[in-house]
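Participant: Sequential numbering from 1 applies to the first sequence in the working numbering.
Attaching a single structure in structure tokens format; questions to follow.
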Amino acid sequence: MEEIHDKMPMDEYLESFNPPQREAVEFCDGPSLVIAGAGSGKTRVLTYKIAHLINQHDLEPWSILALTFTNKAAGEMKERIAKIVGENMARTIWMGTFHSIFLRILRIEHEHISFSQNFTIYDTADSKSLVKAIVKEMELDEKTYKPSSVLDTISRCKNQLVTAEEYASNPANVQSDARRNMPALAQIFQRYSNRCRQSDAMDFDDILLYTFLLFDKCPDVRERWASRFKYILVDEYQDTNFSQHQIVWQLSKDHQKVCVVGDDAQSIYSFRGANIDNILSFQDRYKGCKLFKLEQNYRSTQNIVQAANSLIEKNRKQIQKKVFSENDKGEKLHVIDTHSDIEESNVVINNIKRIKKAEGCEYRDFAILYRTNAQSRVFEDSLRKEALPYRIYGGLSFYQRKEIKDIIAYFRLTVNPNDEEAFRRIINYPARGIGQTTVNKIATQANLNGTSLWNVICFPEQYGLSISKSTLGKIVQFQEMMSKFSEEASTKSALDLAKDILHNSGILNDIYKDATPEDLSRQENVEELVNGIQEFCESRTEEGNEHIYLIDYLSEVSLMSDVDSDNGDDDNKITLMTIHSAKGLEFDTVFVVGLEEGLFPSQMVSGNPREMEEERRLFYVAITRAKTHCFITYAQSRFRYGQMEFSSPSRFITDIDPQFIDRKQTLYSSLNTRNDDVSLPWAKKRTSSFTSPRPFTPFQPEPLRRPASSMPISSSNGLSSSSSSYGIPASSAPTASQSAPSNPSRNGISAGSTVLHDRFGRGTVLKVEGQGDNTKARIKFDNSGEKILLLKFAKLRLIN
DNA sequence: ATATCAACCCTTTTT
DNA sequence: GGGTTGATAT
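Spelled out as structure tokens, the structure:
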């Protein structure tokens, strides 16, 4: 059954492209590099190029390999291609993330790398827990060998295609480890690799490493896949790491039919091993490579594009290009100074309401983007209070919740009994009286005999496991139950087996025994998981697969992130996410929040110019998500690590050419300008007692610590409050009298006073009542609503 | 073997 | 501030 679109003449859609876009689509004879500026229609070009390959070059869809950055991007592109070439054609294209595509290939070729077909994928938590166990076993100091930093080293190596053996045999590594005071790193690395093998498990990096090794060690296998894929496309090439770069080469070096697309200005994943040099040096590796530059931005207003250009110009290392827009000039970017994280969130929300009312747009047109997930909380609180619909991406993803991980662990152990991390997770969940001591004994015997924990409990006597009769009984019971599940793994459908496991393992009993609010939420999650499995099975069935087993489901979810599982268009909500996860997305109105030194750019990168440039690119990505309105906000104070912290505006704000910016300042910020600092009597004393001093840089005036006690300040610096329609309404309050307070407990605060609060910002006192310690003020804050505060505790300062 | 409480780290970003 | 981990008591 052919789709109507199949018959659409190629010329017709080619006409809708600008010249470089069209050339990029049509050039299919050799290697090409497409530098695609933000919003330049990159995805459209890729989509039509694939359609073009099928329609005009008669390539079989299954001979096209298209690698994307996220599963979601792959899914969306597939849908769009299906609209052009038809569902049946689109379905067989090899399209997905590096990890999902090569996982598929590794499962097919598992014998060549000595893994079983059902090997497990360890997520980061599993990897950490394994490292921790190894460090403990080796009796190393757990403070020096933190799982995160150990794993960081291991990951870096694998991304560079360095195996544990190679690492250990290179004296340079051993020496540098000694210098880092971590001489056992090489040994931990080796143990880690062995244990993963023992468990028949791979971590994320292993998927790429073993793919490379497979192609490297088995030339016939490489040739088979290299000749199968007649054309290779890679999206977001600026975010590939060395191993990915090498795998692309392994598959494309014979025919050189490869097209990579990316934007060096949007390279933001070097922390994950991404190497911007891959894209910068692409032309050197592929001789005769054609270069196409997509420089017209169709997404954003001229002001947004030019502001972003002026920002990214401050970076040195980049491919020359001039991104331009022929859209409306648009309004300037709004930079809004706020007093606290709370005020920042209120300013954002007020603007959302205002714009929505003025333009009649939808909630889904708004996005709040931040540097770190922790920043979402304040916005979440405010949005909930205002009853506005929102969706937070990232943070604790669905699959990272305890109850879900427990269930997945059962699935994993069912499919692969050697999976050590899954084993440890569920051996005593639900509680069945097998405690830490017993598990340690099992683990010791497993290590001693070089086998898996599972094998030890299958043959306890053989492996010399000395435990009490009653404990042994419990272990045997567990072993028999899991064996039964395992036997069904290759016969029962994923959904049936999953339900079976939930019932017979005692998980359902455990989760449904109480009805506290937390229990209810766990129950909901479990139901959602079951629904997810059902949906997965149904969609696979629709695609024509006959049998869907648990391993198929596991393979899919182990590489799934929160952004991927987004059900997208049907929910009309304000989007909250990190800038990283916003890559590739666009919104009518974007709020980039938390533009403060130490937060964005992160304090982690200070003193490292290369990483500082990456932070700047991150900001570039954030701004270029906006189509019409772009707001940049910062807060002078915010809660971090349970403490109030004060910071100055990010240096990135001054990187943007001021002609594209409309700056709004609150009165409070004027009090806190650099020149005023020294004139304030308490400034010096407080700064010296600042608990975590940051390195001083020319961009960064020394942080100002505000007094903890309420201290009335009569300001006479003649600053007028700024009035604006951007969430900082003009003061309608009458000026307070300068006369001495009649009641000392009131510190001069009376109805009509304008006051400042550390967290709520500026407000007008409506009423003061009560006596002595019990004196309360009802205050209407400009951006935080009305509050009644005890003057004894409230950190208020009077301003006139 | 489990429950409770203190101590600790944390916050960069994710396939 | 909060979530997780480890020590201690029951």
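Virtual Cβ for every residue (Gly too), placed ideally from N, Cα, C.
Quick check on residue 401: does DSSP put it in helix, strand or coil?
Facilitator: Three-state DSSP puts residue 401 in coil, outside helix and strand.
Participant: May I ask which residues mark the beginning and end of the beta strand (DSSP E) holding residue 62?
Facilitator: Careful: residue 62 lies outside any beta strand (DSSP E) and carries neither H nor E.
Participant: Is the segment 575-593 in contact with the segment 387-405, if contact means three or more CB pairs nearer than 8 angstroms?
Facilitator: With a cut-off of 8 angstroms, the segment 387-405 and the segment 575-593 count as touching, because enough Cβ pairs lie within range.
Participant: Taking the alpha-carbon positions, what's the residue 131 to residue 315 distance?
Facilitator: Rounded to the nearest angstrom, the two C-alpha atoms are 38 angstroms apart.
Participant: Please return the same chain residues whose Cβ sits closer than 8 angstroms to the Cβ of residue 217, not counting the five positions on each side in sequence.
Facilitator: Only 112 meet the Cβ criterion.
Participant: To the nearest angstrom, how far is the alpha carbon of residue 528 from that of residue 534?
Facilitator: Roughly 10 angstroms between the two C-alpha positions.
Participant: So for residue 119, helix, strand or coil by DSSP?
Facilitator: If DSSP states are grouped into helix, strand and coil, residue 119 belongs with coil.
Participant: What are the complete alpha helix (DSSP H) segments, minimum 4 residues, inside the segment 125-197?
Facilitator: Entirely contained in the segment 125-197, the alpha helix (DSSP H) runs reaching 4 residues are, in chain order, 147-159, 164-168 and 171-179.
Participant: Take residue 46 and list the residues in its own chain whose beta-carbon comes closer than 7 angstroms to its own, dropping the five residues that flank it on each side.
Facilitator: Within the same chain, residue 46 has close Cβ partners 77, 233, 235 and 261.
Participant: Along the beta strand (DSSP E) that carries residue 202, what are the first and last residues, could you check?
Facilitator: 201-203 is the span of the beta strand (DSSP E), which, as asked, contains residue 202.
Participant: Would you mind stating whether residue 241 and residue 273 have Cβ atoms separated by less than 7 angstroms?
Facilitator: Contact flag set, yes.
Participant: For a test of the three-state rule: what should DSSP assign to residue 429, helix, strand or coil?
Facilitator: Three-state result, residue 429: coil.
Participant: By Cβ distance below 6 angstroms, which residues in the same chain neighbour residue 471 in space, the five residues on each side in sequence not counted?
Facilitator: Answer for residue 471: 438, listed in chain order.
Participant: Does the structure place the segment 52-69 close enough to the segment 217-232 that three or more beta carbon pairs sit under 8 angstroms?
Facilitator: Cβ pair count under 8 angstroms is three or more, so yes.
Participant: With a Cβ-Cβ cutoff of 7 angstroms, do residue 591 and residue 368 count as a contact?
Facilitator: Closer than 7 angstroms, so yes.
Participant: Whose C-alpha, out of 576, 41 and 782, is nearest the C-alpha of residue 300?
Facilitator: The candidate whose alpha carbon is nearest that of residue 300 is 41.
Participant: What's the gap between the Cα of residue 141 and the Cα of residue 180?
Facilitator: When rounded, the distance between both Cα atoms is 14 angstroms.
Participant: Are the CB atoms of residue 246 and residue 279 within a distance shorter than 7 angstroms?
Facilitator: Not a contact, by the Cβ cut-off of 7 angstroms.
Participant: Just verifying my parser: in three-state terms, what is the DSSP assignment at residue 337?
Facilitator: Residue 337: strand per DSSP, three-state reduction.
Participant: Taking the beta carbon of residue 790 as the centre, do at least 16 other beta carbons fall within 10 Å, making it buried, or is it exposed?
Facilitator: Exposed is the call here.
Participant: Work out the CA separation of residue 204 and residue 221 for me, nearest whole Å.
Facilitator: When rounded, the distance between both Cα atoms is 22 angstroms.
Participant: Which word fits residue 71, buried or exposed, when buried means at least 16 other C-beta atoms lie within 10 angstroms of its C-beta?
Facilitator: By the 10 Å Cβ count, residue 71 comes out buried.
Participant: For my contact list, residue 327 and residue 302 are in at a C-beta cut-off of 8 angstroms; report their separation, rounded to the angstrom.
Facilitator: 6 angstroms between Cβ atoms; contact.
Participant: Measuring CB atoms only, is the segment 142-149 touching the segment 443-454, in the sense that at least three cross pairs come out at less than 8 angstroms?
Facilitator: Short answer: they don't touch.
Participant: If you drop the 5 nearest sequence neighbours on each side, which residues of the same chain put their C-beta closer than 8 angstroms to that of residue 553?
Facilitator: So the qualifying residues of the chain are 411, 494, 498, 533, 536 and 537.
Participant: Run through DSSP, which three-state label would residue 51 get?
Facilitator: Residue 51: helix per DSSP, three-state reduction.
Participant: For residue 217, which residues does DSSP report across the bridge?
Facilitator: According to DSSP, which records beta bridges pairwise, residue 217 is partnered with nothing at all.
Participant: Label residue 99 either buried or exposed according to how many other C-beta atoms from any shown protein chain fall within 10 Å of its C-beta, with 16 as the threshold for buried.
Facilitator: Under this definition residue 99 is a buried residue.
Participant: Using DSSP with H/G/I as helix, E/B as strand and the rest coil, what is residue 226?
Facilitator: Looking at residue 226 - three-state DSSP - the assignment turns out to be helix.
Participant: Report back the beta-carbon spacing between residue 761 and residue 781 to the nearest angstrom; my notes put them in contact at under 8 angstroms.
Facilitator: Indeed, because the Cβ distance is near 6 angstroms, the residues count as touching under 8 angstroms.
Participant: Given a threshold of 16 other Cβ atoms within 10 Å of its Cβ, counted over all protein chains shown, does residue 224 qualify as buried or as exposed?
Facilitator: Classification for residue 224: exposed.
Participant: Within 10 Å of its beta-carbon, does residue 647 have 16 or more other beta-carbons around it, so buried, or fewer, so exposed?
Facilitator: Looking at its Cβ environment, which holds 16 or more other Cβ atoms inside 10 Å, residue 647 is buried.
Participant: Shortest alpha-carbon distance to residue 94 belongs to which of 506, 50, 119 and 184?
Facilitator: Looking at the Cα atoms, 50 is the closest of the given residues.
Participant: Does the Cβ-Cβ distance between residue 759 and residue 342 come in under 7 angstroms?
Facilitator: Yes, Cβ-Cβ distance for residue 759 and residue 342 is below 7 angstroms.
Participant: Quick check: the Cα distance between residue 656 and residue 663, rounded to an integer number of angstroms?
Facilitator: If I take the Cα positions, the gap works out to 12 angstroms.
Participant: Could you check which residue in 601, 34, 593 and 589 has the C-alpha nearest to that of residue 330?
Facilitator: The shortest C-alpha separation from residue 330 is found at 589.
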